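Residue numbers (full-length UniProt numbering): 1 to 898. All C-beta atoms in this analysis are idealised placements derived from N, C-alpha and C, irrespective of residue type, glycine included. Quick caveat, the model's predicted, so the values are computed rather than measured. One structure is given here, and the rest of the page talks about it.
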């Protein structure tokens, strides 16, 4: 049974062999008591039974998944389910278990539906945590990272998560970051990667630059918590602002993203303006510097009167050749007209540069174009400085405005000119890309060692030159030492830094900044489609086959930065002809946190352990004395509220943990981990009831009579029909939850309802009914993606039922190889109604049929029941205190005054 698993391991890198040895650890011990092995069925599902079932099925499920993954599925539709890959810290946390359980469930479900499924896994392996850990321990960050990857891979395998391990990627390996560098060069050649001096956010603890998105609203680093400082440094940027408008517009074509689309749109902002490039001049001579200025009304660019910069602008504080001129003219506290001129190469017009008295312009702007025709403020400033300008707008009799004095754009309406002028500016590569004033370009430089080297060399003759593609990857050298202080440690590796210019072959120096790890993760979903390609980042044919990702799963904390950068790079790759799709992700499934209970001393704010709390009184207090604050927070070692997934699995089992995570809350909501709540006892009971249903069928078929549906009486046939209806309704509902809204908790509730229906069946219906048998088979198949070990054993028990009636139980293959149940055509032909049992003060009083589409709406159900004969007779004169509509069974309970 492990042969396919061994084959998979042999075909991948040797680290995959760890997967096989890990799987072998889960083979059952010498005592053979599992039904699948012995043919002896245990009547009850005890903890020891659960343990043996999971040990038996774990390696077999993993092996079958890998075998199916290696086989071509001719004519099958693809399904790409992707969970955000983790940073290899060395230990999984419960958040990991939640996100990867969800992707595993969807993967199994879609494969049962006949899809060719891609569910890959990899490692976001560069970055500060590994470098800081290496500094603290005196280790090489590469060794530290690889050790953590091995540990976490083993943990993932131990959880029975079926990933396509033959497609594993690791961002810190040269065979991956070679192509990160390749894409950077493509950006550089397209004019989208550039270097400039800028005032940047500096983390004094981690000693590196942070993007604006990595600084919280209190001005602190997202990672270290340090108060961020402002520094003037030469940095690398990616011109994401050029793609702002396409990225904003493309959101309209995507389905609901749990509020994330609105977050993305808000982050980008309204794209009504653009940047134009200006060349700076002093005394009529160009200085060689280019400055981009934002214009809120691009169609009026011919009417610009000045270019304004802030007092904090880099031109006033950096190494700019015009710094001395600007500083000479700068008068703090007032608007200063300078001797520097700015030439718009698009219009051929020059305007003066002024230093504004403002501390900030709109959004994040530090350079704006002043157009008096569009702004009273701009006009007032131009007049105060005695500047002249050209009028470019003419108002027609009907109130519309057209352009004048704007060369070939004259006589166009403002809307026509807006499109024509920005388009021509883009063609001439002098700006014109629609963006918003609140958006900045992506700062990707990091002054740290453990990251992708930026593939650029600096030559005194040629300037910044990209490393030729055939010389990639630029390998990250072994670091002599990491101190965590000062500039990038790469600067100290002299033999690596000193090189020859690829263009003139003269002496040059390599770029010593490394890339932000968000660059690595902006394209990993592409590499999964072709992970071992040595000649290019991915084959377009394969990327076009798998993309877009059908469901992307991860935390909402990545809703702005990562998703924005990944979408940007996908749009860029489309424009480069590398892929056919602009948008990388179709559906997004955001997951909430798993929170643990925390106990904090009220006076000091110090977190204490649960065992340091006295719960004997009305309110918990610290054993040391004094009040405490009890809250629910994200699990963390420092807060003493974390859980080790392996310990939880050891106590409850893999399937129980999976079902608990899926049942406790919808994916986007937080889970408050409390084993005393109804969720955990509920799923434990449900597993036992599923086992008892199979036990009951097996025993009923041994009663002596050969099963014969013709022996059923009228009332038994009606009971069997209700089972048939509930089966089809469950299939319909669960399939919708698995494909549309991903409400796995609701899907489990519906399956629990079907379990209740089957559990209440009479002995003769169990013994002779085909509908009972097929409903139970469908139930087990629908449970399989969520609790694969239990369902696999239940299926084995069903397939060995004596005198089986259904052809479902005669098919070969295990439960995860079965086709997903489909609704019977006859069910779709009957009216969409549900028969509700009506209870009054918990006593059955009759039944009422209600339309299926309103059967879950308590107010509408109440109204329909009140209008029915049952309601008219029994409820009309009663005072109704509460109406309870069961989420699991077709039942409504009216609580009334006696």
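Would residue i and residue j qualify as a contact pair, given that the criterion is a beta-carbon distance under 9 Å?
| i | j | result |
| --- | --- | --- |
| residue 131 | residue 565 | no |
| residue 591 | residue 639 | no |
| residue 124 | residue 88 | yes |
| residue 314 | residue 320 | yes |
| residue 693 | residue 593 | no |
| residue 369 | residue 425 | no |
| residue 513 | residue 570 | no |
| residue 739 | residue 889 | no |
Select from the options the residue whose C-alpha is nearest the C-alpha of residue i.
| i | options | result |
| --- | --- | --- |
| residue 810 | 796, 364 and 397 | 796 |
| residue 688 | 601, 43 and 127 | 43 |
| residue 763 | 751, 709, 727 and 814 | 709 |
| residue 766 | 788, 702, 254 and 823 | 702 |
| residue 64 | 99, 111, 34 and 536 | 111 |
| residue 651 | 858, 48, 37 and 39 | 48 |
| residue 163 | 175, 182, 121 and 518 | 121 |
| residue 68 | 209, 813 and 274 | 813 |
| residue 408 | 259, 715 and 420 | 420 |
| residue 193 | 199, 200 and 182 | 182 |
| residue 581 | 545, 439, 155 and 752 | 545 |
| residue 155 | 491, 365 and 654 | 654 |
| residue 825 | 817, 729 and 741 | 729 |
| residue 901 | 686, 878 and 645 | In the structure as shown, the chain begins at 1 and stops at 898. Residue 901 is therefore absent and cannot be evaluated. |
| residue 203 | 190, 133, 128 and 259 | 128 |
| residue 589 | 256, 54, 547 and 95 | 256 |
| residue 533 | 90, 149, 176 and 55 | 176 |
Skipping 5 residues on each side, what residues in its chain have a beta carbon closer than 6 Å to that of residue i?
| i | result |
| --- | --- |
| residue 81 | 103, 106, 107, 119 and 551 |
| residue 211 | 443 |
| residue 510 | 457, 497 and 499 |
| residue 695 | 43 |
| residue 669 | 592 |
| residue 29 | The pLDDT assigned to residue 29 is 40, lower than 50, so where the model puts this residue is not dependable; a value taken from the coordinates is nonetheless given after this. Cβ within range, chain order: n/a, list empty. |
Where does residue i fall in DSSP's three states?
| i | result |
| --- | --- |
| residue 229 | strand |
| residue 536 | coil |
| residue 116 | strand |
| residue 73 | Note on residue 73: pLDDT 47, under 50, position unreliable in the model; the coordinate value appears next. Three-state result, residue 73: coil. |
| residue 63 | helix |
| residue 327 | helix |
| residue 49 | helix |
| residue 277 | strand |
| residue 124 | coil |
| residue 30 | Here the model assigns residue 30 a pLDDT of 37, short of 50, so the residue's position is not dependable and the matter cannot be decided. |
| residue 524 | helix |
| residue 21 | Because residue 21 carries a pLDDT of 43, less than 50, the predicted location of this residue cannot be relied on, and the following value inherits that uncertainty. In this structure, residue 21 counts as helix in the three-state DSSP scheme. |
| residue 814 | coil |
| residue 394 | strand |
| residue 554 | strand |
| residue 336 | strand |
| residue 628 | strand |
With 9 Å as the threshold, decide whether the Cβ of residue i is near any Cβ in chain D.
| i | result |
| --- | --- |
| residue 176 | Note that chain D does not occur in the displayed structure, where there is just one protein chain. |
Between residue i and the rest of its own chain, which residues show a CB-CB distance below 7 Å, the 5 nearest in sequence each way excluded?
| i | result |
| --- | --- |
| residue 880 | 894 and 896 |
| residue 343 | 278, 279, 281 and 350 |
| residue 318 | 197 and 232 |
| residue 334 | 357 |
| residue 392 | 300, 302, 303, 373, 403, 404, 405 and 406 |
| residue 126 | 171, 172, 450, 451, 452, 517 and 520 |
| residue 705 | 767 |
| residue 882 | 895 |
Return the chain-ordered list of same chain residues with a C-beta closer than 8 Å to the C-beta of residue i, the five sequence neighbours on each side being excluded.
| i | result |
| --- | --- |
| residue 180 | 171, 452, 515, 519, 520 and 523 |
| residue 700 | 763, 766 and 767 |
| residue 833 | 849, 850, 851 and 852 |
| residue 33 | Any answer about residue 33 is weak, because its pLDDT of 49 lies below 50 and its placement is not dependable; what the coordinates show is given next. Hits under 8 Å: 40, 42 and 52. |
| residue 295 | 273, 274, 275, 276, 301, 304, 368, 369 and 371 |
Could you tell me whether the region 365–376 touches the region 322–329, using the rule of 3 or more Cβ pairs below 8 Å? no
Take every Cβ of the region 536–549, pair it with every Cβ of the region 463–474, and state whether three or more of those distances are shorter than 8 Å. no
Looking at C-beta atoms only, is the number of pairs between the region 591–611 and the region 622–636 that lie closer than 8 Å three or more? yes
Would you be able to state if there are at least three C-beta pairs under 8 Å between the region 777–791 and the region 650–668? yes
Three or more C-beta pairs below 8 Å linking the region 236–244 and the region 217–227: no
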